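2 protein chains.
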Amino acid sequence: MERIIDNISPLQRARADYEPKVPSIFNGHIHIAEGETTVSVDDCEEIKALFPNTYGLPIVRFEAAEMADTTDPINVGVILSGGQAPGGHNVIAGLFDGIKKISSESKLYGFLMGPDGLVQHRYKELTADIIDEYRNTGGFDIIGSGRTKLETKEQFDQGLLVLKELNIKALVIIGGDDSNTNACVLAEYYKSIDAGVQVIGCPKTIDGDLKNDQIETSFGFDTACKVYSEVIGNIQRDCNSARKYWHFIKLMGRSASHIALECALQVQPNICIISEEVKEKQTTLAEIVDYIANVVAKRADKGENFGTVLIPEGLIEFLPAMKKLITELNDFLSRYGDDLELVKKSAKRDYIISKLSPENGQFYASLPKSVAQQLTLDRDPHGNVQVSLIETEQLLADMVGKKLKTWKKMGKYTGKYKVLTHFFGYEGRSSAPSNFDADYCYTLGYTASVLIAGGKTGYMSTVRHTHRPHEEWIPGGVPITMMMNMEKRHGEMKPVIRKALVKLDGKPFRTFVEHREEWALNTCYLYPGPIQYFGPSEVCDQPTKTLMLEHT
Amino acid sequence: MERIIDNISPLQRARADYEPKVPSIFNGHIHIAEGETTVSVDDCEEIKALFPNTYGLPIVRFEAAEMADTTDPINVGVILSGGQAPGGHNVIAGLFDGIKKISSESKLYGFLMGPDGLVQHRYKELTADIIDEYRNTGGFDIIGSGRTKLETKEQFDQGLLVLKELNIKALVIIGGDDSNTNACVLAEYYKSIDAGVQVIGCPKTIDGDLKNDQIETSFGFDTACKVYSEVIGNIQRDCNSARKYWHFIKLMGRSASHIALECALQVQPNICIISEEVKEKQTTLAEIVDYIANVVAKRADKGENFGTVLIPEGLIEFLPAMKKLITELNDFLSRYGDDLELVKKSAKRDYIISKLSPENGQFYASLPKSVAQQLTLDRDPHGNVQVSLIETEQLLADMVGKKLKTWKKMGKYTGKYKVLTHFFGYEGRSSAPSNFDADYCYTLGYTASVLIAGGKTGYMSTVRHTHRPHEEWIPGGVPITMMMNMEKRHGEMKPVIRKALVKLDGKPFRTFVEHREEWALNTCYLYPGPIQYFGPSEVCDQPTKTLMLEHT
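Note that the protein sequences, when read in sequence, are chains U and G.
Under full-length UniProt numbering, the first residue of the first sequence is numbered 1, with each subsequent residue one higher.
Under full-length UniProt numbering, the first residue of the second sequence is numbered 1, with each subsequent residue one higher.
(1) Helix or strand or just coil, what does DSSP make of residue 317(G)?
(2) Do residue 474(G) and residue 23(G) have their beta-carbon atoms positioned less than 8 Å apart in this structure?
(3) Determine the DSSP secondary structure at residue 464(G), reduced to helix, strand or coil.
(4) From what residue to what residue does the beta strand (DSSP E) around residue 239(G) run?
(5) Could you check what DSSP says for residue 549(G) in three-state terms: helix, strand or coil?
(6) Please compile the residues from chain G whose C-beta is within a distance smaller than 7 Å of the C-beta of residue 346(U).
(7) What are the residues of the region 335-367 of chain G that lie near chain U, defined by any Cβ-Cβ distance shorter than 9 Å?
(8) Quick one, which of 31(U), 158(U), 79(U) has its alpha-carbon nearest residue 64(U)'s?
(9) Pick out whichever of 545(U), 436(U), 483(U) has its Cα sitting closest to the Cα of residue 18(U).
(10) If you drop the 5 nearest sequence neighbours on each side, which residues of the same chain put their C-beta closer than 7 Å to that of residue 1(G)?
(11) Return no unless some Cβ of chain A is closer than 8 Å to the Cβ of residue 230(U).
(12) Give me the chain U residues within the contact set of residue 111(G), using Cβ-Cβ distance strictly less than 9 Å, ordered along the chain.
(13) Of the residues that make up the region 407-435 of chain U, which ones have a beta carbon closer than 8 Å to any beta carbon in chain G?
(14) Thinking just about the alpha-carbon of each residue, which of 538(G), 152(G), 70(G) is nearest to the one in residue 106(G)?
(15) Suppose the cutoff is 7 Å on Cβ atoms and the five residues either side in sequence are ignored; what does the same chain contact list for residue 429(G) look like?
(16) For the structure I just gave you, are there three or more beta carbon pairs, one from the region 189-199 of chain G and one from the region 389-396 of chain G, closer than 8 Å?
(17) Which residues in the same chain have their Cβ closer than 8 Å to the Cβ of residue 421(G), if we skip the five residues on either side of it in sequence?
(18) May I ask you to report which of helix, strand or coil DSSP gives residue 376(G)?
(19) Got a sec: is the Cβ-Cβ distance from residue 438(G) to anything in chain U below 8 Å?
(20) Taking the beta carbon of residue 354(G) as the centre, do at least 16 other beta carbons fall within 10 Å, making it buried, or is it exposed?
(21) So what's residue 504(U) in DSSP terms, helix, strand or just coil?
(22) Tell me the residue span of the beta strand (DSSP E) that contains residue 423(G).
(23) Can you tell me the Cβ-Cβ gap for residue 495(U) and residue 50(U), rounded? I've got them flagged as a contact below 8 Å.
(24) Rounded to the nearest angstrom, what separates residue 188(U) and residue 93(U) at their Cα positions?
(25) Relative to the ligand SAM, is the shortest distance from any of its heavy atoms to the C-beta of residue 438(G) smaller than 7 Å?
(26) Run through chain U and tell me which residues come within less than 7 Å of residue 240(G), C-beta to C-beta.
(27) Spell out the partners DSSP gives residue 31(G) in its beta bridges.
(28) Check each candidate in 530(G), 385(G), 342(G) and name the one with the smallest Cα separation from residue 322(G).
(29) Against chain U, with Cβ distances strictly below 8 Å, would residue 180(G) count as a contact?
(30) Ignoring anything shorter than 4 residues or poking outside the region 50-118 of chain U, list the alpha helix (DSSP H) runs there in chain order.
(31) Please state if the CB of residue 545(G) and the CB of residue 4(U) are separated by a distance shorter than 8 Å.
(32) Near residue 462(G), which residues of its chain fall below 6 Å by C-beta distance, leaving aside the five closest residues on each side in sequence?
(33) Go ahead and pull the three-state DSSP assignment for residue 349(U).
(34) What do you reckon, are the CB atoms on residue 293(G) and residue 403(G) nearer than 8 Å?
(35) For a contact meaning CB atoms closer than 7 Å, what does residue 274(U) contact in chain G?
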């Protein structure tokens, strides 16, 4: 019987013993095999010029070897960068086990609270007892994370001092597209000054937008989507029992709609909006409202005054009219912000409309008051509109309600419309990893140790064939420059890893499109339930539907 | 490998095969043994006078028997009443299996969308294939639920027509305290007119406030608390990794704080407010804000500008000042509501304050604008304040922020205070039941069939010793009148089942109090993780901490 007050939950205790499943090749010694040289996905000349030392490197694969290439101890540093994603601790555990297998005298240092820890020389040695405490757990609390960007020569030089002091031969940076871009810049710099420090990246982000031909998925996406799908599924079961609410559910994910799409495939909601489609088709807010209201009305005709709508967090920025409005508002606020403060509260809205271009003014006037307020009252320290604070779920729910009222007057709609809104984000970022993410992350970390032992720098740790049984997974390394192109950032052209948005011709989106009409009108809800760790493999070990559809 | 688009999730498929664990006594034939006669918990004379036919009945236990008492087919009707609770479908499955074991010719009818289905004669026969589809699933969608109260003779007589038509010998009502009270009134009435229809109740509610000496817990409480604790745990892991947010989390549960207390025991948050304590100590809103702000400040002194606060949904109604204000506001709105409409928006607040008593006016003035607005703008169809719409989590977060600002000016506080708010409710009401609830509910339903076969009416199905292994569970029946007393409802004295609030001298609350100071200042978070169905018993089969503490 469990102790009633304890310092660890029964599931935490049971999961501590889980041994991540790894590719067969990890059972013996490994030798690195180099493939053909690579080129960047675009802007090859510019990228090559910016990364003379790390451009054009070969993709590397692992081969079974008779004996180890090296048995010299290696000191390694590790950094967690950006938002939490389930499995980060397992990357570190895999890295730890990997370098300890090379030599029991290898040491792993964790830099504290993100990249800043490297610059500020805040670190701790990650010993076996610390690592064991964090195996298969969620969160990034083992060393913390942070959002400082490693970009400047001063930061790099400052970091090098502590790396040299600790005799660190390689640095592993666990982060998203930006952090991996910076990892590559750092790798290039250390190589160019012959610093003797390799840099390896690991693909992290629940948003799922760090993927390409070489990276099948970023870690954390699997778990986060499963957590969101669990609670959405529960809400759908409630919705289908109570039969009286429309639930508008916003899901984390600023740039891409991978999370919303994956959840839609897992729960089969009545409606899911995909930002990339909105952008491609130049769909207006009014058209989205019309589309949702239409589904509500059609279901009402069948007596079904309930349903679910999934909304990606980033939608608002994909709406062309909203984008234009925000641009003009930012400009307006910087010029007239102080004047606006002096305008009487009840007159603010009209004042703003009078100052905007007719097109933006009209669009602004069409927004519900609460959203209009959010757009102008809550500004970030630079005076800009804080898009992430806009409650898109409430915005759409209100506008659909307004539309339905007009339809009711016209006799076009006779149903009842009651709404509940939800936002899921923080619930999924730090969940304990699913078996998939636990295995995948451990493998990524272990792979990083092999790349380090092989002397590689400017590489990202990768695992391919992740839709197959773990024995067949193919770990390796990909030069980060290969994934880069030039993009405008803050008005300047920069080398960056290309963000992976939802492909409208990809199988996940096409599968959704094939079914969405049926899901809209009929009630085809699925209830995925909570992540399971111990049951049948088809329940516990399946990757996301996105991954399966993209690779089978 | 799972099918990618399917009509059922892999976990749903796996759970369909789960066979609920039952008390050993269910393995053979059962005979009902009667104990001593009972009296009501209070107001015995009044209750006895109101229930002449169902008062003073004995508690009944089950004994193993050589052969069945009856093998005659029995037709039974079942009703789901009120909000969803995990396990409702298993009550129905247990009932179905129970009456089919008596005779394969027994029939089960489900009345649709709650008690209204009985009155309106809307029903469907629940056949084996329907039952099988819903075993171990969440929600109430098998027949739907509703909130119509069965209270009048007209309803009872109308219902009797369809019961007679279907040759239904017994009606099982699955509901909370009110529904079970009404079940007893119905039992009394049918007995008094010799209608030949027994009525049996089943204790349902995620709120956990239907419990007493005879009923150890209401079903659904276990699962709902585990779902909430999972997501709170995830948020705590995030909180402890990001180290920069205070999360204010409101939890469903209008009257009692059992859910908040159970979640606190499961996740060990920094702060949890218990409404019953607030009421007992006559704590003011200002004192609660002070208490929270103090913890925030003390943690800030240690550099920990993050934490979690659990808030029961019903808190607002337990605050004496708020209760008084709402009473006066309801009165005010009914008298001056139309005048208020005419007052200019910016002047409304002052207008309201001018009309309230000085005490209530002062308290109203102290509330953040958004909450003050919620109190007067959103009214229910009767013109009353809609308490459930008040965002208590935002209210407290804002007021704590204000307090901290004044402390900052005084130099008493130097930390950073960033807030995120959450409300969890619908996520837990319709989750698939935990093993505990799946087993408990099935046992409750099966027990109901035994009570029916034994000719009992006015009884609630009960299971005792639920903190022990299922073999030792003791199913039986308790006369509903035994749990009753007289209480004022809508100005009238009524016989009702006494609601179980959190006992301040009970072990669950005392255990919380013993630890809360430590949890406030240190970070002692537990991460319970998702409900598990297939793993080790200490992970999958544990009841709530509340239940364990109350019974061991």
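Glycine residues also receive a C-beta, built at the ideal position from the N, C-alpha and C atoms.
Here the structure is a predicted model, which means the values were calculated and not measured.
This is what the structure gives:
(1) helix
(2) yes
(3) strand
(4) Premise fails: residue 239(G) lies in the alpha helix (DSSP H), 221-242, not in any beta strand (DSSP E).
(5) helix
(6) 345, 346
(7) 344, 345, 346
(8) 31(U)
(9) 436(U)
(10) Residue placement at residue 1(G) is flagged as unreliable, the pLDDT there being 44, under the threshold of 50; a coordinate-derived value is accordingly withheld.
(11) As a matter of chain content, chain A is missing from the structure shown, whose protein chains are U and G.
(12) Chain U residues near residue 111(G): none, gap ~15 Å exceeds 9 Å.
(13) 420, 422, 426, 427, 428, 429, 430, 431, 432
(14) 70(G)
(15) 83, 84, 85, 206, 224
(16) no
(17) 247, 248, 249, 250, 391, 393, 394, 397
(18) helix
(19) no
(20) exposed
(21) coil
(22) 419-424
(23) 5 Å
(24) 27 Å
(25) Among the components of this structure there are no ligands whatsoever, and the ligand SAM is therefore not found.
(26) 139, 141
(27) 63(G)
(28) 385(G)
(29) no
(30) 88-102
(31) yes
(32) 214, 215, 476, 478
(33) helix
(34) yes
(35) The contacting residues do not exist; residue 274(U) stays about 17 Å from chain G at best.
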